[in-house]
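Read top to bottom, the protein sequences are chains A and B. Residue 1094 is where the first sequence starts when you use my numbering, and the numbers rise one by one after that. Residue 935 is where the second sequence starts when you use my numbering, and the numbers rise one by one after that.
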Amino acid sequence: MAITSSKDTAISFSFLSPFLLFFGVFLIFPIFYSFYLSFFGSPTDYSLANLDFVGLSNYFRIATDMQFWWSLGVTALYGLISIPLGISAALALALLLDNKLFGKSFFRSAFFLPNVLDMLVVGVIWTLIYAPKFGALAQITTWLFSEDNFFNTTGLLGSPMTALLAVVIAMVLKGAGFGMVLFLAALQNIPEAVYEAADIDGATEWQKFKHITVPLLRPIITFMVITGVIGALNAFTEIYAMTSGGPQVVIGGETVGSTSVAGYYLFKQFDAGNYGYAAAISYMLLIITLGITWLQQRFMNRDNGQEVKK
Amino acid sequence: MNSTQAIDHHNKHSVKAQRIVLFVFLIAVMISMSYVISGQLFKFGVMAFSAFVTPEGPDAVTEAGKLMQSMTVVYNGLAVVLTIVLTIFVVKKFLALGQEHRMPFIKRMVLYLALTIGVVVVLFPFFWMLCTAFKPSGQELVISKTNPFDIVPSEPTLDNFRRVLKVDAASKSMAAVDAIEQKKNFGTYFLNSLLVATTAAFLVTFFAAMGAYVFSKKQLPYKQQIFMLLLATMMIPGMMFMVPQFFMVCKMGLFGTKWAMFLPHLASVFGIFMLKQFMDTIPDSLIEAAQIDGASEWQVFTVVIVPLALPIILTLFLLTFLFHWSNFLWQLIVTNFENPLSITLPVGLALFRGQYTSELGLIMSASCFSIVPIAVLFLFAQRYFIEGMTQGAVKE
């Protein structure tokens, strides 16, 4: 038996080895390598050789880097706007589609389609839609009102007050179909009998929605919050495509980008050749992500505990 | 007749009248939406046809415009006929219903109208992209003064596509155009993206299928622990790997090569997870039966497991293809711009947009190279896309 088992292990290992090789080299090793790199300085000539050992100074620099903390704030704001908007849009579409409809699969596919399209391209198209003077929105508002309207003169992406919101709208419209499919699957799993029982008790539509539909959709909402948080922390392409972190605003003597999210700021540092500093920032982001995940787990466990008690 | 009866009678009448008014209003909205949307779609078909059949030349734009003019009746007619048929259908259905069924019918009409508006809002950017790509240079800004909903160009041209493919330069003076400069076009970028995404998707799926087979069906010491380790890495945000992976790729001497574009992403934990979930449902007895028939380990994998798991393998293939097709940030940082022939689509578009900021038609036709193939692929394989992408979330 022992011989077969070690032979089995060898076979299993040989099947797994290509995956494990790439997993170890490109996913496990970088975690440590990144930590190592975060103790080095920035080469002046963009070369990877001759990095100076600088000890913990990258981490001290983060502590006093206004731009970094600002970008974290923007990331939080991005998440705070996009997650509720995204969930409401997806839920609204799912509720509309959760009926016996002719052409249901057509609507489902049409709403889902933008999800599979390239983020950069979608961002570029929306930039042109928002663009003052020649964008689609500017043309429509010019026709409706006058040439002297906000969409035609500044554009949504041109004002620090609206730029982030404009990015969120584009991304919500791109991503709504994804959550919609999830909600739709969950809605169809809710037995009709539950609603009928509520009808007998004289519940209004709103009461049924609040006390039956929403609680049963909780797992999906939790999932969308988690992916939304990860999405906000990883946000880069949409910002690169639509605003390049701008428009700039001056706050407390410091010029900061009104849409400069953490991912974009990290890229900026990397692009400027501050490799060690970028590695340190990635570590900070990792710690923040793990912290959020931990909190999330705690809340989820608490919820599960309640359900068990019932 | 006493007074309460009279009021009752009166109420019934007013409710009936209200329904009729509501219905007429909805019908009006429906007619205008149907006419505008179908009109635009039919016009787009005619427009694309005219643009393609008109031979290249100095008067191509006016020629195509004339051709479209001659077919105005066709697309407008089709839109009118479609709208009339739809209206008759709806009105007939409404009138055939008893009074008590009329309000639900009106609600359903509102539902359809809301959904249609939703589809228009979500898909408008892409339709606008397609339309603008056919507009002649300098006329992207011109909208119809009489009808702002008319966004399909009336004088279409393929010039934008010719320019992003650099076909126009070739026909003018081949000698004057540098060979590399000539190849630096969206045809090349498209092929690069196709090559990178296909190779990556093939390798990722292959490795993940073998790995998932082990995790699902084979014995391995510390199997559970290894699997937990894999899942734990999914928590790490992708941005985190940018710096170290870039250093590794550079130290391996792969900077600027196509290998660099997908090598770090060959181990897909998500893929292993997805395939394992599916393989768990394949009964062990099938494997045992094959082994009794004398199948080798490799044969069990290729003859039993892979064919049974083919739908999910195909799903993973498509999703990985999509990931690499749009993997902009990583491809941007490992592209060597001194070697323009290695540029992929998203990087090419970002570069191109920097050069032609206000040439909407050019940017839009360049965007088509990324969007249209994926949209077509989605049309044929939407089930795989939708189920695959949402699978991670709906697992119980």
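A virtual CB, placed ideally from N, CA and C, is assigned to each residue, including glycine.
Buried or exposed for residue i, please, with buried defined as at least 16 other CB atoms from any protein chain shown within 10 angstroms of its CB.
| i | result |
| --- | --- |
| Tyr1129(A) | exposed |
| His1304(A) | exposed |
| Lys1041(B) | exposed |
| Met1298(B) | buried |
| Pro1308(A) | exposed |
| Met1254(A) | exposed |
| Thr1066(B) | buried |
| Ile887(B) | For residue 887(B) there is no data in the structure shown, the boundaries of chain B being 935 and 1330. |
| Phe1271(A) | buried |
| Trp1062(B) | buried |
| Lys1151(B) | buried |
| Gly1348(A) | The sequence as given places Thr at residue 1348(A); Gly does not occur at that position. When all chains shown are included, Thr1348(A) counts as exposed. |
| Pro1284(A) | exposed |
| Pro1338(B) | The requested residue 1338(B) does not occur in the structure, where chain B is confined to residues 935 to 1330. |
Can you tell me the Cβ-Cβ gap for residue i and residue j, rounded? I've got them flagged as a contact below 8 Å.
| i | j | result |
| --- | --- | --- |
| Met964(B) | Pro1087(B) | So it is not a contact: roughly 27 Å between Cβ atoms. |
| Ala1300(B) | Leu1311(B) | Their Cβ separation, rounded to whole angstroms, is 19 Å, which puts Ala1300(B) and Leu1311(B) out of contact at 8 Å. |
| Ala1134(B) | Thr1254(B) | 6 Å |
| Phe1133(A) | Val1147(A) | 6 Å |
| Ala1243(B) | Phe1212(B) | 6 Å |
| Asn1094(B) | Leu1296(B) | 5 Å |
| Ser1175(A) | Met1264(A) | 6 Å |
| Leu1012(B) | Phe976(B) | 5 Å |
| Ser1131(A) | Ala1372(A) | 4 Å |
| Asn1245(A) | Ala1231(A) | 4 Å |
So residue i contacts chain A; which residues on that side make the cut at Cβ distance below 7 Å?
| i | result |
| --- | --- |
| Pro1245(B) | What Pro1245(B) touches in chain A: nothing, since even the nearest Cβ is about 18 Å away. |
Starting from residue i, find everything on chain B with Cβ-Cβ shorter than 9 Å and list it in chain order.
| i | result |
| --- | --- |
| Ser1098(A) | Gln1153 |
| Thr1382(A) | Met1169, Ile1170, Pro1171, Met1174 |
| Leu1173(A) | Within chain B, no residue comes near Leu1173(A); the closest Cβ sits about 18 Å away, beyond 9 Å. |
| Met1212(A) | Ser1260, Phe1262, Pro1280 |
Taking 9 Å as the threshold (beta carbon to beta carbon), is residue i in contact with chain B?
| i | result |
| --- | --- |
| Val1145(A) | One point to set straight first is that residue 1145(A) is Asp, not Val, in the sequence displayed. With 9 Å as the cut-off, Asp1145(A) does not count as an interface residue toward chain B. |
| Trp1219(A) | yes |
| Thr1386(A) | yes |
| Thr1330(A) | yes |
| Met1264(A) | no |
| Leu1194(A) | yes |
| Phe1244(A) | no |
| Asp1292(A) | no |
| Asp1241(A) | no |
| Val1260(A) | no |
| Arg1201(A) | yes |
| Leu1378(A) | yes |
| Ala1278(A) | yes |
Using a beta-carbon distance below 9 Å, is residue i in contact with chain A?
| i | result |
| --- | --- |
| Glu1089(B) | no |
| Glu1272(B) | no |
| Val1177(B) | yes |
| Ile1305(B) | yes |
| Tyr1046(B) | yes |
| Met935(B) | Low confidence applies to Met935(B): its pLDDT is 48, below 50, so where it sits in the model is not reliable enough to give any reading. |
| Tyr1123(B) | no |
| Trp1259(B) | yes |
| Ile1267(B) | yes |
| Ile1085(B) | yes |
| Arg1287(B) | yes |
| Arg1042(B) | yes |
| Leu1197(B) | yes |
| Thr1133(B) | no |
| Ile1297(B) | yes |
| Leu1016(B) | no |
| Val1130(B) | no |
Taking residue i as the query, report the chain B residues whose CB atoms sit under 7 Å from its CB, ordered along the chain.
| i | result |
| --- | --- |
| Val1209(A) | Leu1256, Ile1308, Phe1312, Phe1319 |
| Leu1356(A) | The sequence shown places Gly at residue 1356(A), rather than the Leu named in the question. Here the neighbours are Met1173. |
| Ile1323(A) | Pro1171 |
Which residues of chain A have a Cβ atom closer than 8 Å to the Cβ of residue i, listed in chain order?
| i | result |
| --- | --- |
| Ile1206(B) | Phe1112 |
| Trp1264(B) | Going along chain A, no residue has its Cβ under 8 Å from Trp1264(B), so there is no contact; the nearest lies around 10 Å. |
| Tyr1147(B) | Phe1108 |
Could you please give me the residues that DSSP links to residue i through a beta bridge?
| i | result |
| --- | --- |
| Gln1341(A) | Gly1350(A) |
| Phe1133(A) | Phe1146(A) |
What residues of chain E sit near residue i, judged by a beta carbon separation below 7 Å?
| i | result |
| --- | --- |
| Glu1231(B) | Looking at the structure shown, chain E is missing, and the protein chains on hand are A and B. |
Find the residues of chain A that neighbour residue i, judging by a C-beta separation of less than 9 Å, and give them in chain order.
| i | result |
| --- | --- |
| Ala1013(B) | In chain order: nothing, as chain A lies at least about 19 Å away. |
| Ser968(B) | What Ser968(B) touches in chain A: nothing, since even the nearest Cβ is about 14 Å away. |
Applying a beta-carbon distance threshold of less than 8 Å, which residues of chain B neighbour residue i?
| i | result |
| --- | --- |
| Ile1176(A) | Chain B residues near Ile1176(A): none, gap ~15 Å exceeds 8 Å. |
| Ser1127(A) | Met1174, Phe1175, Val1177, Pro1178 |
| Ile1222(A) | Pro1059, Trp1062 |
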